[in-house]
Amino acid sequence: MAFTTENLRTSIVRIKDRIGPIGDEMNALDGRLGDGDLGVTLVNGFRNMSEATEAMPEDLGMALFHAAKAMTAVSGSSFGTLMATALMAAGKNVKGQKEVEWVEVAQLLQSAQDAMIARGGAKLGDKTVLDSLAAIIAEVRDEDSPDALLNKAASAAREARDSFKDKPNKIGRARVYADKSIGLEDPGMAAIVRLLEALHP
Amino acid sequence: MAFTTENLRTSIVRIKDRIGPIGDEMNALDGRLGDGDLGVTLVNGFRNMSEATEAMPEDLGMALFHAAKAMTAVSGSSFGTLMATALMAAGKNVKGQKEVEWVEVAQLLQSAQDAMIARGGAKLGDKTVLDSLAAIIAEVRDEDSPDALLNKAASAAREARDSFKDKPNKIGRARVYADKSIGLEDPGMAAIVRLLEALHP
Amino acid sequence: MKKLINKPENYVDEVLQGMAAAHPETYAIGGATGRMLHRPQPVAQKVGVVSGGGFGHIPVFGGYIGDGLLDACAIGDVFASPDMNPMLESIQFASTGKGVLCIVGNYGGDRMNFDMACEMAAMEDITAVKVVVADDVAAAPPEESEKRRGVAGFVYVTKIAGAAAAAGYDLIQTQNVAQKAADNIRSIGVALTSCTVPQAGKPTFDIADDEIEIGMGIHGEPGVGRSKLTSVDTIADQMIDRLLTDKPVNSGDRVAILVNGLGATPVEELYLMMRRAKARLADLGAELAHIRVGNYATSMEMAGASITLMHLDDELECLLNAGADCPFWRN
Amino acid sequence: MKKLINKPENYVDEVLQGMAAAHPETYAIGGATGRMLHRPQPVAQKVGVVSGGGFGHIPVFGGYIGDGLLDACAIGDVFASPDMNPMLESIQFASTGKGVLCIVGNYGGDRMNFDMACEMAAMEDITAVKVVVADDVAAAPPEESEKRRGVAGFVYVTKIAGAAAAAGYDLIQTQNVAQKAADNIRSIGVALTSCTVPQAGKPTFDIADDEIEIGMGIHGEPGVGRSKLTSVDTIADQMIDRLLTDKPVNSGDRVAILVNGLGATPVEELYLMMRRAKARLADLGAELAHIRVGNYATSMEMAGASITLMHLDDELECLLNAGADCPFWRN
Ligand SMILES: Nc1ncnc2c1ncn2[C@@H]1O[C@H](COP(=O)(O)OP(=O)(O)O)[C@@H](O)[C@H]1O
Ligand SMILES: Nc1ncnc2c1ncn2[C@@H]1O[C@H](COP(=O)(O)OP(=O)(O)O)[C@@H](O)[C@H]1O
Ligand SMILES: [Mg+2]
Ligand SMILES: [Mg+2]
Ligand SMILES: [Mg+2]
Ligand SMILES: [Mg+2]
Chain B
1 MAFTTENLRT
11 SIVRIKDRIG
21 PIGDEMNALD
31 GRLGDGDLGV
41 TLVNGFRNMS
51 EATEAMPEDL
61 GMALFHAAKA
71 MTAVSGSSFG
81 TLMATALMAA
91 GKNVKGQKEV
101 EWVEVAQLLQ
111 SAQDAMIARG
121 GAKLGDKTVL
131 DSLAAIIAEV
141 RDEDSPDALL
151 NKAASAAREA
161 RDSFKDKPNK
171 IGRARVYADK
181 SIGLEDPGMA
191 AIVRLLEALH
201 P
Chain H
1 MAFTTENLRT
11 SIVRIKDRIG
21 PIGDEMNALD
31 GRLGDGDLGV
41 TLVNGFRNMS
51 EATEAMPEDL
61 GMALFHAAKA
71 MTAVSGSSFG
81 TLMATALMAA
91 GKNVKGQKEV
101 EWVEVAQLLQ
111 SAQDAMIARG
121 GAKLGDKTVL
131 DSLAAIIAEV
141 RDEDSPDALL
151 NKAASAAREA
161 RDSFKDKPNK
171 IGRARVYADK
181 SIGLEDPGMA
191 AIVRLLEALH
201 P
Chain Z
1 MKKLINKPEN
11 YVDEVLQGMA
21 AAHPETYAIG
31 GATGRMLHRP
41 QPVAQKVGVV
51 SGGGFGHIPV
61 FGGYIGDGLL
71 DACAIGDVFA
81 SPDMNPMLES
91 IQFASTGKGV
101 LCIVGNYGGD
111 RMNFDMACEM
121 AAMEDITAVK
131 VVVADDVAAA
141 PPEESEKRRG
151 VAGFVYVTKI
161 AGAAAAAGYD
171 LIQTQNVAQK
181 AADNIRSIGV
191 ALTSCTVPQA
201 GKPTFDIADD
211 EIEIGMGIHG
221 EPGVGRSKLT
231 SVDTIADQMI
241 DRLLTDKPVN
251 SGDRVAILVN
261 GLGATPVEEL
271 YLMMRRAKAR
281 LADLGAELAH
291 IRVGNYATSM
301 EMAGASITLM
311 HLDDELECLL
321 NAGADCPFWR
331 N
Chain S
1 MKKLINKPEN
11 YVDEVLQGMA
21 AAHPETYAIG
31 GATGRMLHRP
41 QPVAQKVGVV
51 SGGGFGHIPV
61 FGGYIGDGLL
71 DACAIGDVFA
81 SPDMNPMLES
91 IQFASTGKGV
101 LCIVGNYGGD
111 RMNFDMACEM
121 AAMEDITAVK
131 VVVADDVAAA
141 PPEESEKRRG
151 VAGFVYVTKI
161 AGAAAAAGYD
171 LIQTQNVAQK
181 AADNIRSIGV
191 ALTSCTVPQA
201 GKPTFDIADD
211 EIEIGMGIHG
221 EPGVGRSKLT
231 SVDTIADQMI
241 DRLLTDKPVN
251 SGDRVAILVN
261 GLGATPVEEL
271 YLMMRRAKAR
281 LADLGAELAH
291 IRVGNYATSM
301 EMAGASITLM
311 HLDDELECLL
321 NAGADCPFWR
331 N
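Protein chains in written order, with UniProt numbering: chain B, 1 to 201; chain H, 1 to 201; chain Z, 1 to 331; chain S, 1 to 331.
Dropping the structure here:
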């Protein structure tokens, strides 16, 4: 068994069905230092992607492209753009393939992370979604069972979120309030936790 | 004895010396419905005119012109402009003369009033300084003693002010508050009373 | 009073200095008391066009000095008429032998002082005549239109008169076409917040947070009464209705429209008002032949807007589109 | 919230409709979601110049569409970056085979989305490159100048790039001269009052009646701290000092200066600021070769002002003075 367009479809639809309360939580979190639109971005993004699932091709690379395109249309917020960037990078990586071994997912995430760094200009340690990704990648490397992969990713994301809580934000809107951001969860890192939790069947 | 440049000089300087409290009172009165600048206009106007007295020619007409010119420089307020207009009209009337019989003063005031009507576009009955002038002219006609003339003028001005108090203002800034102006003395009419009172030796 | 100013008593003169500093090719300060703004050089061989009035309405009045516009302007204190002297100085500056037209807002002090200045000019053998702008339909009913205040319509009258003078019209022709423009202009404003006269130090009038006043004058003179702040479409409709009642617009008419900000209203909101106004006039089959949106006649930091319509004929349209150049208006 | 608007959710689109209604010869609305503003017709045979960014800053960004300026612009929601799609549409519209320059304010979303749009454009064989405007000296120290926000300096970069493209510069040349402009621009602002995002319905930030914030960003981002409202001369001095510390002005330097209103500040006060700024720069022996005063980059009804300096060389000065035409800027 391996990761296919069908998995992508199911994942998107599953999150879409569960995104309501996550959206509210993320708007509130983002509103404390940022502009409070992270939840809106997620809700609209998953709605758009789930509409796009209907016409998704079997080519996993192209399917990821479709998801990326759907994500670009939600808003100009950073998280949406970074997610679109990640999906596009992953898509490029597996273009022409119908599936990806589970053990290769970490590599896919790595390519996504690289693109996000290139796009957003943030560094590891800046207290962003990048730090969640880094923790996840480290944890799921060499994992070949989808269930274990998901569990490990979720707990890595939780740990990352919590361990960065008392550090200052060094990029994005929250940067200008760096001091005030100490003690607050980064909204993007918190979002990753909730999205992974929502992926549980 | 008759009215000469010397009388004009003395009158201006006398009022100038007594204008302080009148100015405050008129600012307050004008401020209730207008823009509160009537006192400033009077204070500056008599200051300018009293400076002009030093170089006033014996030709009474030219002397009145000088006073008019001094008055034009105070501000753009209606009362100042109308006073300048009045002085100019009176000056034209007696150009070339060194004196005017006291009994002709009413005529001089009449020429001033005509010019003020032409300039300001107000009618008798609009509750303005014109109504004071009308009352004064009616009262001092045929009067040939300067003291009696002044006394009669002052009491006519007081009566005019009081009898118009309960009518509405029909022109100028106060017009737009016509209803509110009922029961309030017109500042211009009140000013005439105080100026005549100040003329008393 | 939250203003970026120095001493209130120096406000007017320092702003004039700023204008001359920013645009030395357009504005120069002159006159015995520094209250005459004028072009750096008079333009020979044309009718002079001048104006004057209270301060605090930039670009009205002096801002419109420039090619195809005014030659000089008398500057009063905030919301107060200049005295006669800078008016006379303006006339003298603009006079090159062909006479001078004075464009005057319909305020008692402005009118009387310009009358006096014209008389004084006559003593120096300068022919100076007046056109009075009285475009505010909210200030008085049509029967008493001579009691109407001059507001943003000044801009059109100035543009028309300036273009006529530049085109070689003589004094009577210039006065006549300026008068024709004035006769064809109607304005109405709406105020949302007051401004503060610097030397007064407190707002000119009070208005509640959810209230507007349609027809309020640019110095805070009462309009047609207070009402609740509703949508811009509703407000624009009320304003347009008043304008149309006063002077109907018919199918095929060519009309110029100015949606003007009073100073503190963002241009975004002016565009919303324009959007509605254009739709209303298009419904009537009128052609908006000339459109302007922006702060063309202000009351310092007053929030609000006005709509001005000028009914056009070929002559007015041609003069409206003729070349003109100042920092606030260019064709 | 005292605004002349209709439904907050329609605010952006209705303002765009108003702009297109007022200036149909300049602005047209396009794009799949109506969020691309563009010239009525593309101009063949030149480098395309586009921009995009959050709404509420008119004339920034889309207002500067016009001859010698922008060809198209992506329009976001109030204070929020447009998504990638109208940016891509703008690039596509402006592309006539010579490449497209994107002028981008230094905000995360704007930058990332334009990067993505450029990549997407490349897939269609359109070469699109970026210049980032980051002129706000208050946002970060010189060592971290890449973290500075783009504010009113955008206007100059747009003017320079638009003029270069119109003059026949190729893409690299256009990008280089726009970058040179950006490198030579410094801005700083001062805020007196907040604005209100229509959909938020309450002021973006609180500020006391006697307080100002020097260096506050155009969305209310913190500046260099609150202080008491003093005289405009004192405030202008503080602003000029910061600009000069960042990039000195020397005797003989030629400099362009823009004193810009944030939306609700009367032009009278901007002239007071200009008066002081010019005196300060004249003291240094600098030549103010180009001066503008007005609302060129706003934050809706925010009260306040900014000062922008651009150090000129012959090329920049020539391009700055080259012909350009939109409702908000004309040479
Ligand atoms: N440059 C960046 N690189 C990586 N992650 C970023 C970057 N900027 C923001 N983020 C992440 O996005 C989250 C905020 O997303 P969002 O609310 O969409 O941004 P905004 O509204 O500020 O554009 C942050 O909590 C952070 O985790
Ligand atoms: N058109 C006019 N004709 C005659 N008198 C007038 C006229 N307008 C105003 N006044 C008089 O002037 C007084 C107000 O003077 P002032 O305060 O100088 O006027 P403003 O400040 O409104 O220009 C009024 O009380 C009235 O008596
Ligand atoms: Mg956000
Ligand atoms: Mg956002
Ligand atoms: Mg008064
Ligand atoms: Mg007055």
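Here a beta-carbon is modelled for each residue, glycine too, at the ideal position from N, C-alpha and C.
Item checked: Status (buried if at least 16 other CB within 10 Å, exposed otherwise) for D179/B -> With fewer than 16 Cβ atoms within 10 Å of its Cβ, D179/B is classed as exposed.
Check: Is it the case that the Cβ atoms of L316/Z and V293/Z are separated by a distance below 8 Å?
Finding: Cβ distance not < 8 Å, so L316/Z and V293/Z don't count as in contact.
Item checked: Cross-chain neighbours of T72/H in chain Z, by beta carbon under 7 Å -> D83, M84, N85, M116
Margin query: Quick check: is any heavy atom of ligand 1 less than 7 Å from the C-beta of T72/B?
Written below: no
Margin query: Does the distance between the C-beta of G34/B and the nearest non-hydrogen atom of ligand 3 fall short of 7 Å?
Written below: yes
Checklist line | chain Z contacts from the region 1-12 of chain S (Cβ-Cβ distance under 7 Å) | finding: K2, K3, L4, I5, N6
Checklist line | R32/B at chain S interface by Cβ criterion, 8 Å | finding: no
Check: Can you list the beta strand (DSSP E) stretches of 3 or more residues lying completely in the region 188-265 of chain S, in chain order?
Finding: 211-214, 226-228, 254-261
Notebook entry, point to check: Buried or exposed: which applies to N184/Z, given that a residue is buried once 16 or more other Cβ atoms fall within 10 Å of its Cβ?
Noted result: buried
Check: If we ignore side chains and look at the alpha-carbon of each, how far apart do A154/B and G56/S end up?
Finding: Put simply, the backbone Cα of A154/B is about 40 Å away from that of G56/S.
Next item on the list: Any chance you could list the beta strand (DSSP E) runs of at least 3 consecutive residues sitting entirely within the region 98-131 of chain H, in chain order?
Entry: 99-101
Notebook entry, point to check: Q17/S to R276/Z, Cα distance in whole Å?
Noted result: Their Cα atoms are separated by approximately 10 Å.
Item checked: Integer Cβ distance of C102/S from S51/S, believed to fall under 8 Å -> Going by Cβ atoms, the distance from C102/S to S51/S rounds to 7 Å, so yes, they are a contact pair.
Notebook entry, point to check: If you measure from the beta carbon of residue 333/Z to each beta carbon in chain S, is any gap under 8 Å?
Noted result: Shown here, chain Z extends from 1 to 331; a query on residue 333/Z therefore has no answer.
Check: Is there contact between the region 141-148 of chain Z and the region 87-100 of chain Z, where contact requires at least three CB pairs shorter than 8 Å?
Finding: no
Note to self: Here's the rule: buried if 16 or more other CB atoms are within 10 angstroms of the residue's CB, otherwise exposed. What is D314/Z?
What the structure shows: exposed
Checklist line | Beta-bridge pairing of S51/S - partner residues as DSSP gives them | finding: C73/S, I103/S
Next item on the list: Examine ligand 2 and report whether any of its heavy atoms sits within less than 7 Å of the Cβ of R254/Z.
Entry: no
Note to self: Under 8 Å, Cβ to Cβ, is there at least one residue of chain D near N260/Z?
What the structure shows: Of the protein chains in the structure, B, H, Z and S, none is chain D.
Checklist line | Residues sharing a beta bridge with R186/S, DSSP | finding: L309/S
Next item on the list: Look up R39/S in the DSSP assignment and say whether it is helix, strand or coil.
Entry: coil
Next item on the list: Return yes when the C-beta of P168/B is under 7 Å from any heavy atom of ligand 1, and no when it is not.
Entry: no
Margin query: Quick check on this structure: which residue in P248/S, C195/S, V104/S has the alpha carbon closest to the alpha carbon of V131/S?
Written below: The residue with the shortest Cα to Cα distance from V131/S is V104/S.
Check: Hey, how far is the Cα of D253/Z from the Cα of V255/S?
Finding: If you take the alpha carbons of D253/Z and V255/S, they lie about 48 Å apart.
Next item on the list: Kindly list the residues whose CB is nearer than 6 Å to the CB of A156/H, restricted to its own chain and excluding five residues on each side of it in sequence; keep chain order.
Entry: A135, I136, E139
Notebook entry, point to check: Between A80/S and chain B, is there a C-beta pair that is closer than 8 Å?
Noted result: yes
Check: At a cut-off of 7 Å, is I37/B close to ligand 3 when judged by its beta-carbon and the heavy atoms of the ligand?
Finding: Here the sequence assigns Asp to residue 37/B, which means Ile is not the residue at that position. Correct: D37/B has its Cβ closer than 7 Å to ligand 3.
Next item on the list: Can you grab the Cα-Cα spacing for the pair N10/S / A20/S, in whole Å?
Entry: 15 Å
Next item on the list: Check V131/S in the structure and name its three-state DSSP category.
Entry: strand
Margin query: For S231/S, would you say it is in contact with chain Z, using Cβ-to-Cβ distances shorter than 8 Å as the test?
Written below: yes
Next item on the list: Give a yes or no on contact between the region 201-221 of chain S and the region 178-197 of chain H, applying the rule of three or more CB pairs nearer than 8 Å.
Entry: no
Note to self: Among V259/Z, S81/Z, K180/Z, whose alpha-carbon lies nearest the alpha-carbon of A297/Z?
What the structure shows: V259/Z
Notebook entry, point to check: Beta carbon of D186/H: closer than 7 Å to some heavy atom of ligand 2?
Noted result: yes
Check: What residues from the region 127-150 of chain Z come within 8 Å of chain S, judged by C-beta to C-beta, listed N to C?
Finding: none
Check: Can A165/S be considered in contact with ligand 2, in the sense that its beta carbon sits closer than 7 Å to one or more heavy atoms?
Finding: no
Notebook entry, point to check: In whole angstroms, what separates the C-alpha of D35/H from that of M1/Z?
Noted result: 19 Å
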